[in-house]
Amino acid sequence: MAVEWTITIEGKNEFGDTCRKELRIDKTWERLFDGDVGLSVEDGKKIMAALQSAVVNHEAETYAQFRRPCPDCHTFRPVKDYTTRRIRTVFGTVKVRNPRWMICRDCYPGMDGALAPLKEICPDRAMSELMELTARLGSMMPYRQAAKVLAEFLPIEPTESHATVRKRTIRIGKRLDDQIMRETWRVRSQMDDRHQLEMQLPGDRRKEFVVSIDTAHVRSAEPNSARNFELVVARCGRGGRGEPGGRYFVTGSTAQHAIRDRTLHSLREVGYRGFGDVTVISDGAEILKRLPRAMPKPTAHIIDWFHIAMKIQPMQQIADHIVRSRSDPFDALPTIDRDIRAVKWRLWHGRVDRAIRDLESLLTGLKQPQGNAEFSIARLHSLGAQLLTYARSNRGAIIDYGKRYRGGLRVATTLAESAVNSLVGKRMVKKQQMRWSLHGAHMLMQVRTAELNGELRNRLRAPLRQPERNAPLIFKPKPPLLRAA
Ligand SMILES: [Zn+2]
């Protein structure tokens, strides 16, 4: 026994052309005993591929007709030739007739050009949803895996491999990057147009713009460059501790002006118009230290408290162990745990000079001979020396964290636990065998951050091109048709 299903799709355009497609699927009863109820993924692929082919052909045909008349004299332009164009969609690759219209000889005598209307609606030879979906998956998981996931659910051609995913991801990344570059350029020229959405409440923690910025190290694939390169990862936003961290940006350009431009662009998106308090929180990396100086004033730089705390923590552990076990060094350093805690307390309250002095004398104390506990003392000494160097070189950026904390302001970058950092990490750092080009990594991250900022779709749907300006109204393609490119 079997049931035969017929699926019919019918379309009609403004020229009165109709399009009808029928598709039959046979379903036997026997398969029910195997638990196969209803349509399967494979059936779905087959159905959607057939319907898509009908719809795309009809739309391509209609659009080509829209673009046939000369925009100046409204007569039909002559045909140059017909070829076949393959358009890749989420529901398979569709072959369509691809006409080329000559430029009107009456209006443009002597000119010998042609236009391919389908190129306008499909510049990538793929629909934008497919480009976007591929890029989004490619930014989230290894390219090979993304290609498999796509093929699992969609009637994708077997030739669309990880190389296709990579190519599309980088192309979309480049498109987003170009867009941000153009916007950045505009931001720079508009910095005087100051209509900030400022809340004039003194002491309001929402008034402060916080830039949490960090770097991620990525293994380089380029044979002639260093083993690693850095990506700058940041979030820009308003609001205090516990509130969402704001917009993400990632850039592979570590030049001061590049980081500043990206920061200003992101800040502008969250309401910054060139004045107001900006606070940059970083771990004190050299390339990030230069940012606050390049920003409009007032911009303050503070060291991420988390980074300081993480340098003190192992020292505390060793000291606690010494005290608990009352081992040899305890006799010489009976107050070591309290001394370290005191250094931490001073740093938390921004008393850097005092903390540095305390740390110096603590290190002097550690230099005396310590019997057989040499190892823990040597370790403590080296950790203490690192902390001292860190405190000295970041002296001006270690502030009263206690006060900021009580005021509800951020004292640490929210990046440590943020999605981007774990993503840069998961996608690029953790898998040690994976190597990246700076260009590829930068472009991939443009896709990832646009997605995290919730704007990937909108940014890609911005009109790609304008139709000919004086095209007759009825033949002017409607925005949705254009945007579908
Ligand atoms: Zn003409």
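Residue 141 is where the sequence shown starts when you use the numbering used here, and the numbers rise one by one after that. Here a beta-carbon is modelled for each residue, glycine too, at the ideal position from N, C-alpha and C.
The beta-carbon separation of Gly-313 and Val-587, rounded to 5 Å, stays under the 8 Å limit for a contact. Counting only residues of its own chain and dropping the five nearest sequence neighbours on each side, Gln-205 has a CB closer than 7 Å to the CB of Phe-155. Using a Cβ distance threshold of 8 Å, Ile-427 and Leu-520 do not count as a contacting pair. Here the alpha carbons of Ala-590 and Met-251 stand approximately 43 Å from one another. In the DSSP assignment, Asn-368 falls within the unbroken beta strand (DSSP E) covering 368-378. Taken from the Cβ of Asp-157, every heavy atom of ligand 1 lies 7 Å or farther away. Shortest gap from the CB of Asp-252 to any heavy atom of ligand 1: 7 Å or more. Looking at the backbone, the Cα of Leu-316 and that of Ile-310 are separated by about 10 Å. In this structure Cys-247 is not in contact with Ala-194, their Cβ atoms being roughly 35 Å apart against a cut-off of 8 Å.
Within the DSSP bridge table, the entry for Leu-163 names Ile-147 as partners. Fully contained in the region 454-506 are the following alpha helix (DSSP H) runs of length 4 or more, in chain order: 469-472, 476-488.
Annotation for Trp-241: the continuous beta strand (DSSP E) segment containing it runs 232-242.
DSSP, read as helix, strand or coil, puts Trp-576 in strand.
In this structure, the alpha-carbon of Cys-210 lies about 12 Å from that of Ala-254.
In this structure, the straight-line span from the alpha carbon of Trp-325 to that of Arg-597 is close to 22 Å. Contact between the region 352-359 and the region 275-282 is absent: fewer than three C-beta pairs spanning the two stretches fall below 8 Å. By the criterion of at least three beta-carbon pairs nearer than 8 Å, the region 441-459 is in contact with the region 474-490.
The region 216-226 makes no contact with the region 162-175; the number of CB pairs closer than 8 Å stays below 3. Residues Leu-528 of the same chain have their beta carbon placed closer than 8 Å to that of Glu-500, with the five preceding and five following residues left out of the count. The set of residues with CB atoms less than 7 Å from any heavy atom of ligand 1 reads, in chain order, Cys-210, Asp-212, Cys-213, Thr-215, Cys-244, Asp-246, Cys-247.
Pro-295 is not a Cβ neighbour of Ala-142, given a cutoff of 8 Å. Only buried fits Ala-531, as 16 or more other CB atoms lie within 10 angstroms of its CB. Distance from the CA atom of Cys-376 to the CA atom of Glu-370, rounded to whole angstroms, is 19 Å. Looking only at Arg-599, Glu-595, Ser-577, the smallest Cα-Cα distance to Asn-364 is reached by Ser-577. Around the beta carbon of Asp-174, a 10 Å sphere encloses fewer than 16 other beta carbons of the protein chains shown; the residue is thus reported as exposed. Sequence-distant Cβ neighbours of Val-551 in its own chain, meaning closer than 6 Å and more than five residues away, are Trp-445, Tyr-541, Arg-544, Tyr-545. Within the same chain, and ignoring the five residues on either side of Ala-425 in sequence, the residues whose Cβ sits closer than 6 Å to its Cβ are Thr-355. DSSP links Val-358 through a beta bridge to Phe-369. DSSP places Val-410 in the coil class of the three-state scheme, outside both helix and strand.
For the region 149-224, the continuous beta strand (DSSP E) assignments of 3+ residues that do not extend past its boundaries occur at 158-168, in sequence order. Secondary structure note for Phe-293: its alpha helix (DSSP H) is the uninterrupted segment 283-293. Counting along the chain, the unbroken beta strand (DSSP E) around Thr-419 starts and ends at 418-422. Just measuring C-alpha positions, the residue of Ile-421, Phe-293, Ser-301 sitting nearest Ala-287 is Ser-301.
Between Gln-526 and Lys-451, the C-beta gap is smaller than 8 Å, which places the two residues in contact.
With respect to the C-alpha of His-405, the residue from Thr-223, Gly-386, Asp-264, Gly-232 having the closest C-alpha is Gly-386. The DSSP-derived three-state label of Val-350 is strand.
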